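First comes the structure, then the notes that go with it.
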Amino acid sequence: MNTRDLLIGAGLAIAIAGGGAAWFYVTHHDVLPAGIARANGRLELTRLDIAAKYPGRVTDLAFSEGDEVTAGQVLAHEDDAEAQAQLAAARAQILEARETGQRARAERDAQQAAAHLAQLELDHVHVMARQHLVSDMEVQQRQADHDAHDAAVQAADHAVAAADAAAQAVQAQADRAGTVVGDMVIHAPVSGRIEYRIVEKGAVVPGGGRIGSMLDPSDMYLTVFYPAEVAGTLHVGDQARIVLDALHRQVIPATVSFVAPEAQFTPKYVETTTEREKLVYRVKLQVAPETAKQYGTMLKSGMTGDGYVRADPTIRWPDSLFLANAK
């Protein structure tokens, strides 16, 4: 084979390779009509901690990584023996406080009856005194008895109030102990998918300590970055499209849920054809919960893809991004 043939063969190879590269670029980066903007981004799901409110030993774990759970589902138990003991003690104190209150009320009733009788006797002795049938000393004695019974009634009133306050205090202690017992059972905060199981059965966790984490599929969005000329035309609620690389370029409907009020430099992980120093605005393209639910576990945090928006809501989506039933 002479030099001329080698050059021709090399030229054909380069042409074929260049054509293949061009085909790949066109099929993955279609030429968009005016008014449609594209940006590369990553899919994000809101991560929620599964945490213990109070310190304690984990006695049971009812979830594994990857499990689908529903809001309120029991995920774990902590040892509640101490809290149960506090609850039992508080309930016993409630009974004691109620008995004290009953005795105080009985004493007050007795003192009120005695005070009423003393008042009648005082009234009677005043009548007799006006008729000069009793001495002044007798009147003074009846007055002293009346005043003593009035003081006893007031003291009984204070005793009843103190008993009621004590009963309320121990009831509050019982309510708190009951709340602690209830919080020793750890529930799923929302419906979603378990991401990590951080501890195992028997582990001792502090108050607020995490035992796992989960992803909330109802809060799923693609974070993208657009230059000012694009971001300036966007409004919250505008239609958008998401195309994920891992889902064979399926088109997912979305809406603009956030446009950053301030510009920033393009993050390093974002693929862009513009210079790195160019300022951009962070935008969230939200996937509706019912849409995310249709994809189940296929949508995962960190998936890369492209986000598409329109500068004008009246612009028609190109056929490659058109969804008949999208809102």
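Quick note on numbering: the working numbering labels position 150 of the sequence shown as 150, and the sequence is numbered without any gaps. Even for Gly, the Cβ is constructed at its ideal location relative to N, Cα and C. From a predicted model like this one, the values you see are computed outputs, not experimental measurements.
Rounded to whole angstroms, what's the CA-CA distance from residue i to residue j? Just pull it up for me.
i      : j      : result
Tyr295 : Met220 : 12 Å
Ala165 : Gln171 : 10 Å
Glu138 : Arg130 : 13 Å
Leu120 : Val134 : 16 Å
Val230 : Asp49  : 35 Å
Pro318 : Gly207 : 53 Å
Thr46  : Val283 : 16 Å
Asp183 : Ser191 : 19 Å
Val160 : Gln102 : 8 Å
Phe322 : Leu247 : 17 Å
Phe24  : Val31  : Only weak support is given to the placement of Phe24: the predicted model assigns it a pLDDT of 35, under 50, and the value that follows is read from those uncertain coordinates. Near 13 Å, if we compare the C-alpha coordinates of Val31 and Phe24.
Thr291 : Ala76  : 30 Å
Asp136 : His146 : 15 Å
Glu262 : Val236 : 15 Å
Val26  : Asp238 : Any reading at Val26 must be qualified, since the residue scores a pLDDT of 35, below 50, and its modelled position is unreliable; the value itself is stated next. Using only the alpha carbons, I get a separation of about 27 Å.
Leu95  : Val256 : 59 Å
Ala51  : Ala113 : 59 Å
Arg249 : Leu299 : 13 Å
Ala37  : Lys53  : 46 Å
Ala228 : Gln264 : 10 Å
Thr331 : His126 : The displayed coordinates of the chain run from 1 to 327. Any statement about residue 331 would go beyond what the structure contains.
Between the beta-carbon of residue i and the beta-carbon of residue j, is there less than 8 Å?
i      : j      : result
Thr304 : Asn40  : yes
Leu234 : Val259 : yes
Ala254 : Val287 : yes
Pro289 : Pro217 : yes
Pro55  : Val205 : yes
Ala152 : Gln111 : yes
Ala92  : Ala167 : no
Val181 : Asp245 : no
Ala240 : Val309 : yes
Gln143 : Leu122 : yes
Arg57  : Gly202 : yes
Ile315 : Gly35  : yes
Quick one, which of the options has its alpha-carbon nearest residue i's?
i      : options                           : result
Leu285 : Gly232, Ala203, Ala106 and Phe225 : Phe225
Glu65  : Ala260, Thr314, Val190 and Ile211 : Ile211
Ile198 : Leu61, Ile36 and Arg38            : Leu61
Val243 : Leu222, Gln168 and Ala228         : Leu222
Ala89  : Ala51, Ala174, Glu99 and Arg108   : Ala174
Asp306 : Lys300, Ser257 and Val251         : Val251
Ala379 : Gln86, Arg57, Asp136 and Ala106   : Given that the chain is displayed from residue 1 to residue 327, the structure contains no residue 379 and the question cannot be resolved.
Asp67  : Ala85, Glu195, Arg91 and Val185   : Glu195
Ala188 : Val309, Arg316, Val74 and Gln141  : Val74
Asp109 : Arg38, Gln154 and Glu200          : Gln154
Phe63  : Gly232, Glu200 and Gln264         : Glu200
Leu87  : Glu99, Arg38, Thr179 and Ala37    : Thr179
Leu215 : Glu99, Gln84, His126 and Lys293   : Lys293
The beta strand (DSSP E) that contains residue i, what's its start and end?
i      : result
Met220 : Arg210 to Tyr226
Glu195 : Gly192 to Arg197
Gln239 : Gln239 to Leu244
Gly56  : Gly56 to Leu61
Arg316 : Element bounds for Arg316: n/a, residue is neither H nor E.
Pro253 : Val251 to Val259
Leu43  : Ile36 to Ala51
Gly305 : Thr304 to Arg310
Leu299 : Neither: Leu299 is in no beta strand (DSSP E) and is coded neither H nor E.
Span of the alpha helix (DSSP H) holding residue i?
i      : result
Gly101 : Ala81 to Arg130
Lys293 : Pro289 to Tyr295
Gly207 : Segment: none, Gly207 is in no alpha helix (DSSP H) and carries neither H nor E.
Val160 : Asp136 to Asp183
Taking residue i and residue j to be in contact with their CB atoms under 8 Å, please state how far apart those CB atoms are, rounded to whole angstroms.
i      : j      : result
Thr297 : Arg193 : 7 Å
His149 : Ala115 : 4 Å
Ala43  : Ser301 : One point to set straight first is that residue 43 is Leu, not Ala, in the sequence displayed. Yes, Leu43 and Ser301 are in contact; Cβ-Cβ is about 6 Å, under 8 Å.
Thr59  : Glu78  : 6 Å
Ala104 : Ala156 : 7 Å
Using beta carbons (cut-off 8 Å, strictly below), is residue i in contact with chain B?
i      : result
Ala110 : The structure shown has no chain B; it contains just one protein chain.
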